[in-house]
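Enquirer: Once you've had a glance at the structure underneath, I'll fire off some questions.
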Amino acid sequence: MLSRWPAGALLKLGAVTLFLLRIFAQCLPALRYRREVVQQIYNAGARSLIIVMLCGLFIGMVLGLQGYDLLQRFGSESSLGVVAALGLIKELGPVVTALLFAGRAGTSLTSEIGLMRATDQLTAMEMMAVDPVRRVVAPRFIGGIIAVPLLTAIFSCIGIFGAQLVGVGLMGVESGSFWSQMQGSVQLSDVNEGLIKSICFGVACSLMAVYEGFHAEPTAAGVGLATTRTVVSSAVLTLVIDYMLTAAFL
Amino acid sequence: MARPNRALEIGTGLFVLLGFAALAFLTTQLPGSGIQLRQSGSAYRVAAHFDNVGDLKVGAPVSMAGVRIGNVESVRIDAREYKAVVELAIDAQYSQIPDDSDAAIQTAGLLGAKYVGVTAGGSETFLKSGSQIQFTQSALVLENLINKLFASIAGKDDKDDTDK
């Protein structure tokens, strides 16, 4: 990991990919630990709910303000619903939720697993012939993948209501045209695009979190560094994947 | 963690339920002709037949002198007359609209959404639930206007040529 740039990046890419395959191989057996998976969905999803809803509301409200200001220049502020809904469903919902997830849940996954590594709990499991990837990593990975799309859907819904709150309530856009234009222009494929994006981001962010934690240096500083790396690599990966998926869907 | 933990299960269950509810909202309410969330509680319905409604959408506002008085409840086609039948839900408080008023499909701004504009007539009797607006004016379709314009220019040119 400390080797120079091109070789180091290649090394890490390979290591992450192999780790992903290793987790995939353990995903089905890991479903045996049902309670553990539920616990992880709770940790990653239910406990991120407040922050996701709050951010969704405010991003929707900002979209309502900015969208209104932009659209009224062309006299088409009745399209505000379309702009807000498409913006949230296709882009802002999946991306912002993934970034929030990386910051809120990814970091805690990394530090938790990193601390297990530092206190030799993972080694102890291996000694007892328990695969730590199956027992510790895979349930957290599954929890993250289940949580992110659901959080994204909640984020988008709240955001649309936020946009409606500002657009209709504050700026006086006709409520009927706000909804009717939205329903006329949003296709099922747009919703699907957002869903597929959010699943991919869930995989990326969960993978980076558990990878960094699992491979953290077993020291206090090492765990801290790993947590930082989780946020940075999750954010970069999310935005890069977002561009590629958007290009693929167009 | 080995013991059953009610709070954990309820929390997770609520989260998953909320997530799927949001997903259901996004997939069923937003695309296409979802169920209208707004309930037009006290409104009466009148019908109007148009030759062409343009892209008038369900839920679009109905306005009179620029003030909103209701919204479009449904748009369908009359299979015998081949005309569009637009059902307007007009708020009950605007009950005194003359029954010889006319309805026109207008556009908000140059690129804006279509809406139905009602202009009051002079009759003493008023529209009531189930009645039909007699005088209607279809949506302006920009392409048709342009075609007409070109046709008239071409016609003039031809005449000029024959005059010489």
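Heads up: the sequence lines are chains A and B, in that order. Following the working numbering, the numbering of the first sequence begins with 1 at its first residue and continues without gaps. Following the working numbering, the numbering of the second sequence begins with 1 at its first residue and continues without gaps. Every residue, glycine too, gets a C-beta built ideally from N, C-alpha and C.
Looking only at its chain, what residues have a beta carbon closer than 6 Å to the beta carbon of alanine 138(A), apart from the 5 residues adjacent to it on each side?
Expert: Closer than 6 Å at the Cβ level, and outside the excluded window around alanine 138(A), lie Ile23, Gln26, Cys27 and Ala30.
Enquirer: Which of helix, strand or coil does DSSP assign to leucine 18(B)?
Expert: Residue state, collapsed to three classes: helix.
Enquirer: Could you tell me the distance, in whole angstroms, from the CA atom of glutamine 36(B) to the CA atom of glycine 59(B)?
Expert: Residue placement at glutamine 36(B) is poorly supported in this model, since its pLDDT is 48, which falls under 50; the coordinates are not used for a value here.
Enquirer: Would you tell me roughly how many angstroms separate the C-alpha atoms of arginine 6(B) and methionine 182(A), rounded to the nearest one?
Expert: Distance between the alpha carbons of arginine 6(B) and methionine 182(A) is about 40 Å.
Enquirer: By how many angstroms is the C-alpha of asparagine 43(A) removed from the C-alpha of aspartate 131(A)?
Expert: For aspartate 131(A) and asparagine 43(A), the distance between alpha carbons rounds to 22 Å.
Enquirer: Run through DSSP, which three-state label would threonine 136(B) get?
Expert: Three-state DSSP puts threonine 136(B) in a strand.
Enquirer: Counting only beta-carbon atoms, is valine 75(B) nearer than 7 Å to chain A?
Expert: No, valine 75(B) does not count as interfacial toward chain A.
Enquirer: Checking contacts by CB at 7 Å: is glycine 66(B) closer than that to chain A?
Expert: No, no contact with chain A.
Enquirer: Based on Cα-Cα distance, which residue from Thr125(B), Ser101(B), Ala48(B) and Phe126(B) lies nearest to glutamate 81(B)?
Expert: The shortest C-alpha separation from glutamate 81(B) is found at Ala48(B).
Enquirer: Identify every run of the alpha helix (DSSP H) within the region 184-244 of chain A, keeping only runs that are complete inside it and at least 4 residues long; order them along the chain.
Expert: Taking only runs of at least 4 residues, the alpha helix (DSSP H) segments lying wholly in the region 184-244 of chain A are 188-214.
Enquirer: Do you know how far the Cα of valine 62(A) is from the Cα of threonine 228(A)?
Expert: Distance between the alpha carbons of threonine 228(A) and valine 62(A) is about 29 Å.
Enquirer: At a CB-CB cut-off below 7 Å, which residues of chain A make contact with leucine 88(B)?
Expert: Per Cβ cutoff of 7 Å: no residues; leucine 88(B) is ~11 Å from chain A at best.
Enquirer: So, does the CB of tryptophan 179(A) fall closer than 7 Å to a CB anywhere in chain B?
Expert: Yes, its Cβ sits closer than 7 Å to a Cβ of chain B.
Enquirer: Please compile the residues from chain B whose C-beta is within a distance smaller than 7 Å of the C-beta of glycine 64(A).
Expert: Within chain B, no residue comes near glycine 64(A); the closest Cβ sits about 16 Å away, beyond 7 Å.
Enquirer: Using beta carbons (cut-off 7 Å, strictly below), is methionine 1(A) in contact with chain B?
Expert: Low confidence applies to methionine 1(A): its pLDDT is 47, below 50, so where it sits in the model is not reliable enough to give any reading.
Enquirer: What in chain B is Cβ-close to methionine 182(A), meaning under 7 Å?
Expert: Per Cβ cutoff of 7 Å: Leu30.
Enquirer: Anything in chain B within Cβ reach of cysteine 157(A), meaning under 7 Å, just list it in chain order.
Expert: Near cysteine 157(A) (Cβ distances below 7 Å), the residues of chain B are Ala22, Phe25 and Leu26.
Enquirer: According to the neighbour-count rule (16 or more other Cβ atoms, all chains shown, within 10 Å of its Cβ), is methionine 244(A) buried or exposed?
Expert: Per the 10 Å Cβ criterion, exposed.
Enquirer: Can you confirm whether alanine 92(B), when its beta carbon is compared against all beta carbons of chain A, has any partner nearer than 7 Å?
Expert: Chain A, which has no Cβ nearer than 7 Å to the Cβ of alanine 92(B), makes this no.
Enquirer: Put glutamine 96(B) into one of helix, strand or coil per three-state DSSP.
Expert: Correct three-state label for glutamine 96(B): coil.
Enquirer: Based on Cα-Cα distance, which residue from Ile97(B), Ser129(B), Tyr115(B) and Glu143(B) lies nearest to glycine 122(B)?
Expert: Here the closest residue by C-alpha is Ile97(B).
Enquirer: Just checking: is the beta-carbon of alanine 46(A) within a distance shorter than 7 Å of some beta-carbon in chain E?
Expert: The structure shown has no chain E; the protein chains it does contain are A and B.
Enquirer: For asparagine 71(B), does the count of other Cβ atoms within 10 angstroms reach 16, so buried, or fall short, so exposed?
Expert: Result: buried.
Enquirer: Quick check: is the beta carbon of asparagine 147(B) nearer than 7 Å to any beta carbon in chain A?
Expert: Taking Cβ atoms only, chain A never reaches closer than 7 Å to asparagine 147(B), which makes this a no.
Enquirer: DSSP on glutamate 143(B), reduced to helix/strand/coil?
Expert: Helix.
Enquirer: For leucine 80(A) versus leucine 71(A), is the C-beta spacing smaller than 7 Å?
Expert: Yes, they are a contact pair.
Enquirer: For my contact list, valine 118(B) and valine 86(B) are in at a C-beta cut-off of 8 Å; report their separation, rounded to the angstrom.
Expert: With a Cβ gap of about 12 Å, valine 118(B) and valine 86(B) do not count as contacting.
Enquirer: Can you tell me whether glycine 34(B) is helix, strand or coil according to DSSP?
Expert: For glycine 34(B), the predicted model reports a pLDDT of 47, less than 50, meaning its position is unreliable and no value from the coordinates is stated.
Enquirer: Please confirm if glutamate 174(A) has its CB atom under 7 Å from at least one CB of chain B.
Expert: It does: the Cβ of glutamate 174(A) has a partner Cβ on chain B nearer than 7 Å.
Enquirer: Shorter than 7 Å from the beta carbon of proline 98(B) to some beta carbon of chain A?
Expert: Chain A contact via Cβ: absent.
Enquirer: Could you have a look at aspartate 166(B) and say whether DSSP puts it in helix, strand or coil?
Expert: Outside the displayed span of chain B (1 to 164) sits residue 166(B), for which this structure offers no information.
Enquirer: Going along the chain, which unbroken runs of the alpha helix (DSSP H) with 4 or more residues stay wholly within the region 11-46 of chain A?
Expert: Whole alpha helix (DSSP H) segments, 4+ residues: 34-44.
Enquirer: Chain A partners of glycine 11(B), CB-CB under 7 Å?
Expert: Correct list: Tyr42 and Ala46.
Enquirer: Residues of chain B with a CB under 7 Å from the CB of leucine 153(A): which are they?
Expert: Per the sequence shown, residue 153(A) should be read as alanine rather than leucine. Going along chain B in sequence order, the residues near alanine 153(A) (Cβ under 7 Å) are Gly19, Ala22, Leu23 and Leu26.
Enquirer: Going by other Cβ atoms of all chains shown within 10 Å of its Cβ, with 16 needed for buried, is arginine 32(A) buried or exposed?
Expert: The residue in question, arginine 32(A), is exposed, as its Cβ has fewer than 16 Cβ neighbours within 10 Å.
Enquirer: Identify every residue that forms a DSSP beta bridge with arginine 6(B).
Expert: None; arginine 6(B) has no bridge partner.
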